[in-house]
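Numbering (this note's numbering), first residue to last: 55 to 472.
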């Protein structure tokens, strides 16, 4: 995907299992903007409150509030912990790692500056204190806690004063709050390409969509509410421009399992679950990708006499039989519909309402018997595929009822042409 940062590392043998394992993150982290969007950490407490008076307050240390890049360390730790759980072991309280493992896992370059950034990120996570309350009818319960209880790091001695030597490794002890969430399985799986997203805003938008849309067919959120959830502090009109830029950048491809659209009239972001392309065989991916709302609306506007749902199914049937499938799903579908209209206009397709000759008069007996055993809807699908998908296909040689039946019998039923 051109919108993603390229893979910087190939997984080593000892990292292969972890680097291909599902990424895990707490559902609570995806619900509230715990992590800042700015590349430089912000200072000062932040407070988020709901309509019932419950709130959560983030109190940073000297290094400032953790950024969304700092969150990568927690994702690594939680992924390691849940990998242990999958292997039948208890949730580990402490996660040990080498600096190079973490940098490779999060798709970062390996170097002295990254070691310094990693060390400061651990400082920010360790120093962060969260304050929350739970209001009842007669009392209010207040709790103070953190995300990391303890951390230790080891550096190699170096004469380079600029970096102070390579960071060899570190050990992080997760807080009781996170351990309780891991034990209760209050985690969500992130897309394996999450670390390849280019901007902090794309990461924040993905997290909100992943938490709230999940695998729903469609989900939308108003721009004001979205800005609060991602923790952006810029003017609303500037935030609107940034969201439109993100949507425009991903208009022709899936945004890590989702299709994004910006509704200008309602001033809201619309997300549709598009499935996980990593679970689809490589030679079938484009045919299985969902069409974006903009593509379907284009078909309705340009070809009002076509049924977009029916055309999509016919196109998928055709695309699945091609030796090479198009890289751009949306453009390929639009071209398919355009070609269909052109051929229909030129009279290249037989009118579907035209009387057909009796089957017994036109087909070989063996193919005819196979055809008559098909359910009616399967017969109609074969005829439609011939009418619509003839170009570039074996159907191109089928111009009579006899040829349709015998071609279908050969391609679908394994019956050789008599």
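Note that beta-carbon positions come from the ideal geometry of N, C-alpha and C, so glycine has one too. If you're wondering where the values come from, they're calculated on a predicted model, not measured in any experiment.
Work out the CA separation of residue j and residue i for me, nearest whole Å.
| i | j | result |
| --- | --- | --- |
| residue 145 | residue 180 | 20 Å |
| residue 125 | residue 95 | 12 Å |
| residue 110 | residue 291 | 27 Å |
| residue 400 | residue 350 | Unreliable positioning characterises residue 400 in this predicted model, as indicated by a pLDDT of 46, which lies under 50. The coordinate reading is nonetheless provided below. Between residue 400 and residue 350, the C-alpha separation is close to 24 Å. |
| residue 122 | residue 262 | 13 Å |
| residue 280 | residue 316 | 12 Å |
| residue 119 | residue 92 | 10 Å |
| residue 241 | residue 115 | 26 Å |
| residue 167 | residue 221 | 10 Å |
| residue 174 | residue 384 | 44 Å |
| residue 326 | residue 297 | 16 Å |
| residue 247 | residue 58 | 8 Å |
| residue 176 | residue 389 | 51 Å |
| residue 184 | residue 112 | 5 Å |
| residue 210 | residue 224 | 12 Å |
| residue 208 | residue 172 | 12 Å |
| residue 249 | residue 259 | 14 Å |
| residue 282 | residue 87 | 8 Å |
| residue 332 | residue 364 | Because the pLDDT of residue 332 is 39, which lies under 50, any placement of that residue in the model is unreliable, and the number read from its coordinates should be weighed accordingly. Rounded to whole angstroms, residue 332 to residue 364 spans 26 Å at the Cα level. |
| residue 443 | residue 370 | Summary for residue 443: the model assigns pLDDT 45, below 50, so the residue's position carries little reliability, and this model does not support an answer. |
| residue 34 | residue 346 | Because the chain here runs from 55 to 472, residue 34 falls outside it and cannot be looked at. |
| residue 244 | residue 237 | 18 Å |
| residue 196 | residue 149 | 29 Å |
| residue 136 | residue 101 | 30 Å |
Could you pull the start and end residues of the alpha helix (DSSP H) that residue i belongs to?
| i | result |
| --- | --- |
| residue 353 | 347 to 356 |
| residue 130 | 125 to 140 |
| residue 103 | Here residue 103 belongs to no alpha helix (DSSP H); instead the beta strand (DSSP E) covers 100 to 103. |
| residue 236 | 230 to 237 |
Run through the DSSP bridge pairs and tell me what residue i is partnered with.
| i | result |
| --- | --- |
| residue 223 | 152 and 208 |
| residue 322 | 276 and 317 |
| residue 185 | 111 and 198 |
| residue 121 | 90 |
| residue 327 | 312 |
Over the uninterrupted beta strand (DSSP E) stretch that includes residue i, give me the two end residues.
| i | result |
| --- | --- |
| residue 242 | 241 to 244 |
Open item on the list: Taking contact to mean 3 or more Cβ pairs, one atom from each stretch, closer than 8 Å, check whether the region 98 to 107 and the region 155 to 169 are in contact.
Closed with: In the pairwise beta carbon analysis, the region 98 to 107 is classified as not touching the region 155 to 169: fewer than three pairs are separated by under 8 Å.
TODO: Give, in chain order, every unbroken run of the alpha helix (DSSP H) that is at least 4 residues long and sits entirely within the region 256 to 302.
DONE: 277 to 284
- [ ] Would you check if there are 3 or more beta carbon pairs closer than 8 Å linking the region 148 to 161 to the region 111 to 131?
- [x] yes
- [ ] Please confirm if the region 264 to 271 is in contact with the region 285 to 293, defined as three or more CB-CB distances below 8 Å between the two stretches.
- [x] The region 264 to 271 is not in contact with the region 285 to 293.
Task: Cβ contact (3+ pairs, closer than 8 Å) linking the region 304 to 317 and the region 352 to 365 - done: no
Open item on the list: Tell me whether the region 254 to 262 and the region 146 to 156 touch, counting them as touching only if at least three CB pairs, one residue from each stretch, are closer than 8 Å.
Closed with: Under the 8 Å Cβ criterion, the region 254 to 262 does not count as touching the region 146 to 156, having fewer than three qualifying pairs.
Task: Three CB pairs or more closer than 8 Å across the region 226 to 238 and the region 192 to 211 - done: Using a Cβ-Cβ distance cut-off of 8 Å, the region 226 to 238 and the region 192 to 211 are in contact, since at least three pairs of beta carbons, one from each stretch, lie closer than that value.
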